[in-house]
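Number of protein chains: 2
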Amino acid sequence: MEPLILIVEDESALSTLLRYNLQAEGYRVLDVDDGSQALETIQARQPDLVILDWMLPGLPGIEICRELRRRAQTRDLPVMMLTARAEEADRVRGLDIGADDYLTKPFSLAELKARVRALLRRAQPVAQKEPLTFGDLLLDLASRRVARGGRPVHLGPTEFRLLHFLVQYPGQVFSREELLAAVWGRDIHVEARTVDVHIRRLRAALNADASPDMIRTVRAAGYALDLPGAPA
Amino acid sequence: MEPLILIVEDESALSTLLRYNLQAEGYRVLDVDDGSQALETIQARQPDLVILDWMLPGLPGIEICRELRRRAQTRDLPVMMLTARAEEADRVRGLDIGADDYLTKPFSLAELKARVRALLRRAQPVAQKEPLTFGDLLLDLASRRVARGGRPVHLGPTEFRLLHFLVQYPGQVFSREELLAAVWGRDIHVEARTVDVHIRRLRAALNADASPDMIRTVRAAGYALDLPGAPA
DNA sequence: GGGACTGCCATCAAAGTTTCATGGTCGCGA
DNA sequence: TCGCGACCATGAAACTTTGATGGCAGTCCC
Chain A
469 MEPLILIVED ESALSTLLRY NLQAEGYRVL DVDDGSQALE TIQARQPDLV ILDWMLPGLP
529 GIEICRELRR RAQTRDLPVM MLTARAEEAD RVRGLDIGAD DYLTKPFSLA ELKARVRALL
589 RRAQPVAQKE PLTFGDLLLD LASRRVARGG RPVHLGPTEF RLLHFLVQYP GQVFSREELL
649 AAVWGRDIHV EARTVDVHIR RLRAALNADA SPDMIRTVRA AGYALDLPGA PA
Chain B
469 MEPLILIVED ESALSTLLRY NLQAEGYRVL DVDDGSQALE TIQARQPDLV ILDWMLPGLP
529 GIEICRELRR RAQTRDLPVM MLTARAEEAD RVRGLDIGAD DYLTKPFSLA ELKARVRALL
589 RRAQPVAQKE PLTFGDLLLD LASRRVARGG RPVHLGPTEF RLLHFLVQYP GQVFSREELL
649 AAVWGRDIHV EARTVDVHIR RLRAALNADA SPDMIRTVRA AGYALDLPGA PA
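Here the protein sequences come in this chain order: A and B. When the letters of the first sequence are read in order and numbered with my numbering, they come out as residues 469 to 700. When the letters of the second sequence are read in order and numbered with my numbering, they come out as residues 469 to 700.
Structure representation (structure tokens):
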């Protein structure tokens, strides 16, 4: 599902321009031109990002932002403020109220789009095209390939998902149950001990060339992926 | 603990200005003036935010940013790019590489500070479970690690739970029965004397490097965890 | 049908836990 | 101040729990 962006802007020319450009980027777009509608719309539609004009009929943008930050459901909703007010004090105020970014009109559309991408990227760590690295480990989601210290490593699908999950939370210990839920799926009936077996296979594959073991067993607790060199 | 900010900037005048201003805001600040040092420093010190100049001797800022995004450990580290290049294409590129914000020189210090606050605010929830500290003791629930004075300490599961419990109520004395109930479980039948043995092992592990004993024996009452240096 | 992969089990080894016997220490009253 | 009893520390031994390993059967797919 493409991210949904809400534009809160009363100048219809600008609103249209934004809508058009953002839709061209593949986003779903909603717009409202009145501050007091904004909060309702946000509650009803739960957008992934809000672009908020400072000056609005109804409720001023800054008040909307403040309100969004007050509500638990929207505390983490990325907000980009848009304004004609170039004064520094306003920008500072906008950012401190809880806006995540602040653009002054006139702005470049390309920059706005890039900033939108940056905000969405941070808000929802989505599919990453770039290969991940962790220590001397390289994990390429796109081609589903893994290498350690330059040498390719062959993993079965389950081991790959297991490693992928662990790489996302370096050093953290997960119980077998947590791993089953995260890697196998929440409602799959698999013996907890089976995790051991896959950990063993993963270890065997990763340490094929006698590299130090990256997987730490924590007795009575679970497993963690560590940087080689970390204390046992 | 105040957030740690790393400044990667080769113009020493600007670097000093930033350092001074950020420290005045209460942040801890590190700086390096060379791109190739930046990655090492980040790995070693794990800052909460990086301010990165685009043009650097050594490695260009944009390459550092790209590298940070590839490593699992720094994927979520907020990055603010700083540059003299006002061209739109550069901003877009910087943001798309993974920078979270982008400021063009000259910029207002107040705005920079506001943007730093905005980035740190958003990154906060990422740092989920803070490790507990008590004196020179460090107890990290997530990675299930314990260290004393920087040296790792190995504990068995029971000692870990015991220490975890004691750390939560510093200085308080608990009877063996209370400890059994809290650490072992309310309906476990274990000799009260067994607590002694675990206390002994915990002491041995914590004082391995001849550190002062943190566990106080209270005759006829039980045990307590004290700050070393507290009166017996 | 062969190869790759998965899940399960039995077994062994290692790590950790509990208990016990013994000796040391402390506080207190004679 | 001495002696006593209560209390705690310690080492070792028996026992339990937990993880690693190798093997194997069932599936899926080419």
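No residue lacks a Cβ here, since even glycine has one placed at the ideal position from N, Cα and C. It should be emphasised that the depicted structure is a prediction, and the values quoted were computed from it without experimental measurement.
Check, Outcome
"Any beta-carbon of chain B closer than 8 Å to the one on P625/A?", "no"
"Considering only the alpha carbon of each residue, which of T542/A, R669/A and A692/A lies closest to V621/A?", "R669/A"
"In chain order, which continuous runs of the beta strand (DSSP E) of length 3 or greater are located wholly inside the region 482-553 of chain A?", "496-500, 517-521 and 547-551"
"Do the region 503-515 of chain A and the region 470-477 of chain A touch if we need at least three Cβ pairs shorter than 8 Å?", "yes"
"Please classify A689/B as buried or exposed, where buried requires at least 16 other C-beta atoms within 10 Å of its C-beta.", "exposed"
"Consult DSSP for A595/B and reduce its assignment to one of helix, strand or coil.", "For A595/B, the predicted structure reports a pLDDT of 48, less than 50, and the residue's modelled location is therefore unreliable. A value from the coordinates is still provided. Coil, per DSSP."
"Which residue or residues does DSSP assign as beta-bridge partners of Y570/B?", "M549/B"
"Taking only three categories from DSSP, how would you classify A615/A?", "strand"
"Does DSSP put D604/A in a helix, in a strand, or in coil?", "coil"
"With burial defined as no fewer than 16 other Cβ atoms inside 10 Å of the residue's Cβ, what is the status of E477/A: buried or exposed?", "buried"
"Which same chain residues end up closer than 6 Å to L605/B when comparing Cβ atoms and leaving out the 5 residues on each side of it in sequence?", "R616"
"Is any beta-carbon of chain A found at less than 8 Å from that of V560/B?", "yes"
"Using only alpha-carbon positions, find the residue among V635/B, L607/B and A540/B that is nearest to F633/A.", "A540/B"
"According to DSSP, which residues form a beta bridge with Y691/A?", "F642/A and T685/A"
"Would the beta-carbon of T626/B fall within 8 Å of that of H666/B?", "yes"
"Could you check whether the region 499-512 of chain B touches the region 527-546 of chain B, counting it as contact only if at least three pairs of C-beta atoms, one from each stretch, sit closer than 8 Å?", "yes"
"Straight-line CA distance for V614/B to S576/B?", "43 Å"
"Where I519/B and D664/A are concerned, what is the direct C-alpha to C-alpha distance, given to the nearest angstrom?", "42 Å"
"Is the number of C-beta pairs between the region 568-584 of chain A and the region 543-553 of chain B that are closer than 8 Å three or more?", "no"
"Any C-beta of chain B sitting closer than 8 Å to the C-beta of D564/A?", "yes"
"Quick one: give me the first and last residue of the alpha helix (DSSP H) that V476/A is part of.", "Here V476/A belongs to no alpha helix (DSSP H); instead the beta strand (DSSP E) covers L472 to V476."
"Could you work out which residues of chain A lie near R585/B, taking near to mean beta carbons separated by less than 8 Å?", "L563 and D564"
"If we count the other Cβ atoms within 10 Å of its Cβ and call it buried at 16 or more, is R654/A buried or exposed?", "exposed"
"Just to confirm, is the Cβ distance from L588/B to P599/B under 8 Å?", "no"
"Between R534/A and chain B, is any beta-carbon pair separated by less than 8 Å?", "no"
"With distances taken from CA atoms, which of D501/B, V497/B and Y691/B is nearest G639/B?", "Y691/B"
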